[in-house]
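Structure record follows, encoded as C-alpha cells.
Structure follows, in C-alpha cells:
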C-alpha cells in the first residue's frame, strides 16, 4: 500500500515520537560514560571526563568476560551456521514426513520464553551430571541461534533457481562440487548475515546464560551482576557503550548484506 | 548418439562415488542432512524440555528437601495457592498492559512507514526499528535505570518544566507508584514497553504493506474521512499484524525475570519465582510447574492468534 498524499500531521508526530522513544534512551548511556559523578545517576552530569575509559581498560575481570563472550559467540555461531544451513537445505528442497514439525521445532527455542529453555537445559545438565563449562553455555546459545541462520538461509534457498543446480550437474559437476562452486557462493551473503545476527544474539544473551553458566561470567552476566550490586557505576557505563558498539557493527553489516530481500525475515529474538 | 553415451560413466574416487550415491538415493541424502539438527533440537533440546516438564509432576519432601520421584499433582496444588496465583495474575496483567501500550505506539510508526515513507526514508525507518531490536538487551534496561532513577533524567525534565508535582502525584498512586520511577511497577511497565516495541512494529508494518492502495482510495471515494478509513478499513486489516506482534510482547513479558528485578517494586513476577524456586529455595518441581504457566498461557494465546490469522503476518 502506498499513498501519494501528504501524511496527516498527527500521524507524522506519532511516528517520529515513536522512533524518538526507541532511540533517545541509548543516547543517555553514551553521555553517562563521560560523567564525573561516581555514586549516583545525577542528571545533568556535574562534569565530563574520559578517565573511566582508562579505568575500565585496566580491569582484568572485564577483559576476561569479553574474552569468554567472544569465544562463546564464535563457537555458537559456527554450530548454528552448520545446523541452520542443514535444516534450511532439507526444508527448502525436500518434502518429507514431519517437515512442518521440524520447522516448528527450529522456532521453538525462540518462541518459548528464554527462562523455559534455560531451566530445561539446566535440569538436563543436572540429571546427566554434566558440569557447567564454556561448552554448556555454547550448547544453550547455539540452540536459539540456529533459527536466525535458518531464516536467512531458507529465504536464499527459495530464491536460488533450480536450473543453476541442474546446469552444474549437466556440466559434469558432482554433488559436492555443485555445493562448493554453485550453492555456497549463492548462499554466502545470507550465511554471513545470519552468522552476524547469531553472533550479536549470542554476545548479548543473558537469560539462558544465567542457567547454563556455572561460575563463569560472560559480558552480559558481568553487566547483570553490576546492575544488581553496583561497584563502580561509571565503569559499567563504559562497558555499556562498548557493547553498543560491538553489537551495532554486525547488525549494520547484516542489514547491508540482506537489504534486497523481503524485510522482516531476519527478525526474531 | 548411442544410448551408451547418454549414461554418464561412474565417477572415480571416494568423494565422486559418494556424490553419485547421494544423488541416486535422495532419501539417504535427506537423512544425512537431517541427522545432526534432529539430534540437537529433537533429542537434546526437546529431551530437556520434557525432562523439565516431568519434574513438575514430582514433589519435594518438606522435611528433607529431597525430590520425591513419585508422580503427583501436589506441586500443581501448591502452584494454585493464593500467593502464587497472585504472582501469575500480576505477570499476565503486566503482559497485557505492555502489549496494549506497544500496539498503541507501534501503529502510527508502522502506518507511516508502510503508507507514506518511500525510498531512503523507508529504508531509514526499517533500519531505525531493526537497530534497537538487535541492540543489547541489558544495555537497554540499563539506559532506563539511568533515566528513571530518583536523581535521573526523567525527574530532572519534570522539574525543569515545573511539573515535578505531577510526577510526585503519579508516584503517589497506590500499586503502580513507589518511591521513585525505578522502583515502581510503572517503571517496569515503561521498560517492558520500550524493550519489546520493535517486535510489535515489524509485523504490523508487514501487515499494512499488504493492504492494497485501491481499498484506501475506495474508502476515500465513498466519502470516508481519513479517521473513518483508518477505523473501518486499515485497523481490521492490521489486526493479524497486531496479533503477531502481541505474541512476542506477551511471551517475552511472561518469561522475563531481569527487568522486574532491576526496575520495579518488591513483589515478584513468574520469571523471578522460577529463579527463586530453582535456585535458593531448591524446589525444582515448583519451579518447573511455574514454567508451565507461560507455556500454557502462550498455547492458549497462539490458538487465539491463529484464529485471527496472525501467522500470515509473521
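Chains as they are written, first to last, in this note's numbering: chain A, 1498 to 1766; chain B, 385 to 698.
Quick reminder that beta carbons are idealized off the backbone N, C-alpha and C, glycines included.
- With its beta carbon less than 8 Å from one in chain A, residue 581 (chain B) belongs to the interface.
- For residue 1616 (chain A), the secondary structure class from DSSP, reduced to helix, strand or coil, is helix.
- For residue 1709 (chain A), no CB of chain B lies under 8 Å from its own CB, so it is not counted at the interface with that chain.
- Rounded to whole angstroms, the Cβ separation of residue 1617 (chain A) and residue 526 (chain B) is 28 Å, and the two are not in contact under 8 Å.
- If you draw a straight line from the Cα of residue 557 (chain B) to the Cα of residue 1696 (chain A), it is about 43 Å long.
- Closest in C-alpha terms to residue 1743 (chain A), from the list A:1688, A:1724, A:1701, comes A:1701.
- In terms of Cα proximity to residue 649 (chain B), the closest of B:680, B:576, B:570 is B:570.
- A residue is called buried once 16 or more other Cβ atoms fall within 10 Å of its Cβ, and residue 528 (chain B) is buried on that count.
- Counting the other CB atoms within 10 Å of its CB gives residue 1513 (chain A) a total below 16, which places it among the exposed residues.
- Put simply, of B:535, B:643, B:620, B:544 the residue whose alpha carbon is nearest the alpha carbon of residue 563 (chain B) is B:535.
- Around the beta carbon of residue 1564 (chain A), fewer than 16 other beta carbons sit within 10 angstroms, so the residue counts as exposed.
- Our two residues, residue 601 (chain B) and residue 500 (chain B), have alpha carbons roughly 14 Å apart in a direct line.
- Taking C-beta atoms under 8 Å as the contact rule, residue 1650 (chain A) and residue 1608 (chain A) fail to qualify, at a distance of about 19 Å.
- Neighbours of residue 1613 (chain A) in chain B, taken as residues whose beta carbon is under 7 Å from its own, are 639, 675, 678, 679 in chain order.
- For the pair residue 1640 (chain A) and residue 1578 (chain A), the Cα-to-Cα distance works out to about 11 Å.
- In the DSSP assignment, the residues bridged to residue 451 (chain B) are B:444.
- The segment 1618-1637 of chain A makes no contact with the segment 641-656 of chain B; the number of CB pairs closer than 8 Å stays below 3.
- Sequence-distant partners of residue 659 (chain B) (beyond 5 residues in either direction) whose C-beta falls short of 6 Å from its own C-beta, in its chain, are 641.
- The closest CA to that of residue 502 (chain B), considering only B:593, B:442, B:551, is found on B:593.
- Secondary structure at residue 1657 (chain A): coil, using DSSP grouped into helix, strand and coil.
- At a cut-off of 8 Å between beta carbons, residue 1690 (chain A) makes no contact with chain B.
- Looking only at B:597, B:583, B:539, B:414, the smallest Cα-Cα distance to residue 626 (chain B) is reached by B:583.
- Residue 524 (chain B) has its alpha-carbon roughly 11 Å from the corresponding atom of residue 577 (chain B).
- Minimum Cα-Cα distance from residue 420 (chain B) among the listed residues A:1645, A:1527, A:1576 corresponds to A:1576.
- Here DSSP, grouped into helix, strand and coil, assigns residue 664 (chain B) to coil.
- Short of 8 Å from the beta carbon of residue 613 (chain B), and not among the five residues preceding or following it, lie these beta carbons of its own chain, in chain order: 600, 603, 604.
- Shown here, residue 1746 (chain A) sits in a helix according to DSSP, grouped into three states.
- Rounded to whole angstroms, the gap between the alpha carbons of residue 1544 (chain A) and residue 555 (chain B) is 29 Å.
- Shown here, residue 651 (chain B) sits in coil according to DSSP, grouped into three states, outside any helix or strand.
- Across the segment 1522-1546 of chain A, CB contacts with chain B closer than 8 Å involve 1522, 1523, 1525, 1526, 1529, 1537, 1538, 1539, 1540, 1541, in sequence order along the chain.
- Sequence-distant partners of residue 458 (chain B) (beyond 5 residues in either direction) whose C-beta falls short of 8 Å from its own C-beta, in its chain, are 443.
- Considered as a whole, the segment 547-575 of chain B harbours 548-556 as its complete alpha helix (DSSP H) runs of no fewer than 4 residues, in chain order.
- Interface annotation, residue 1638 (chain A): not in contact with chain B, CB-CB separation never under 8 Å.
- Apart from sequence neighbours up to five positions away, the residues of its chain that approach residue 1568 (chain A) with a beta-carbon distance below 7 Å are 1631, ordered along the chain.
- Residue burial annotation: residue 1730 (chain A) is buried, with at least 16 other C-beta atoms found within 10 angstroms of its C-beta.
- 8 Å or more divides the Cβ of residue 417 (chain B) from the Cβ of residue 1553 (chain A).
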